[in-house]
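K.L.:
Submitted below is the structure of interest, expressed as structure tokens.
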Amino acid sequence: MDVVEKTNVPYTADDSGKYKTIVVFDCRGVEPVEFSPRSGWKVECAENGQKFEDVDLSEDDWVEYDQKNKNSVGVYEFASKFIKLKK
1 MDVVEKTNVP
11 YTADDSGKYK
21 TIVVFDCRGV
31 EPVEFSPRSG
41 WKVECAENGQ
51 KFEDVDLSED
61 DWVEYDQKNK
71 NSVGVYEFAS
81 KFIKLKK
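Just so we're aligned: the sequence shown equals residues 1 to 87 in the numbering used here.
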């Protein structure tokens with residue numbers, strides 16, 4: 001299974017609450033059945049651009065404190081699914 005070149009796109013605040021294709025895989029001969037996000041994600045605050053590196057999404061929720069805005073930020077109810085794309 002390989003990532004198709006130039007298919008990675010960000011999931012933004014505008015996408016919140018809906019599924020969006022963020023990467024495409026070439027799955028010749030295999031079919032993925034489960035995704036476990038774990039660590040290595042990047043989160044950027046929509047309000048001020050503060051970035052959080054190596055975010056761990058292995059739990060359904062991730063919460064941190066935005067020092068610049070003096071506000072909590074988070075990723076809540078993370079969910080994923082695989083869909084077959086037509087060629």
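For glycine and all other residues, C-beta sits at the position ideal for the given N, C-alpha and C.
1) What three-state label does DSSP hand D2 in the structure shown?
2) Using a Cβ-Cβ cut-off of 6 Å (strictly less than) and excluding sequence neighbours within five positions of C4, which residues of its own chain qualify?
3) Strictly by DSSP, which residues pair up with E44?
4) What is the residue span of the beta strand (DSSP E) that D66 lies within?
5) Just confirm the distance between the C-beta atoms of N48 and K68, as a whole number of angstroms; I'd bet it's less than 8 Å.
6) In whole angstroms, give me the CA-to-CA distance for E77 and G29.
7) Residue range of the beta strand (DSSP E) that V73 falls in?
8) Between D61 and V75, how many whole angstroms is the CB-CB distance? I'm expecting something under 8 Å.
P.N.:
This is what the structure holds:
1) It is a strand residue.
2) Per the sequence shown, residue 4 should be read as Val rather than Cys. Annotation for V4: V24 and D26 place their beta carbon closer than 6 Å to its own, counting only its chain and skipping 5 residues before and after.
3) For E44, which the question treats as bridged, DSSP gives the partners K51.
4) For D66, the enclosing beta strand (DSSP E) covers residues W62 to D66.
5) Right, the Cβ-Cβ distance comes to about 5 Å (below 8 Å), so this counts as a contact.
6) Computed Cα separation, rounded: 31 Å.
7) For V73, the enclosing beta strand (DSSP E) starts and ends at N71 to V75.
8) In this structure, D61 and V75 form a Cβ contact; the two beta carbons are roughly 7 Å apart against a cut-off of 8 Å.
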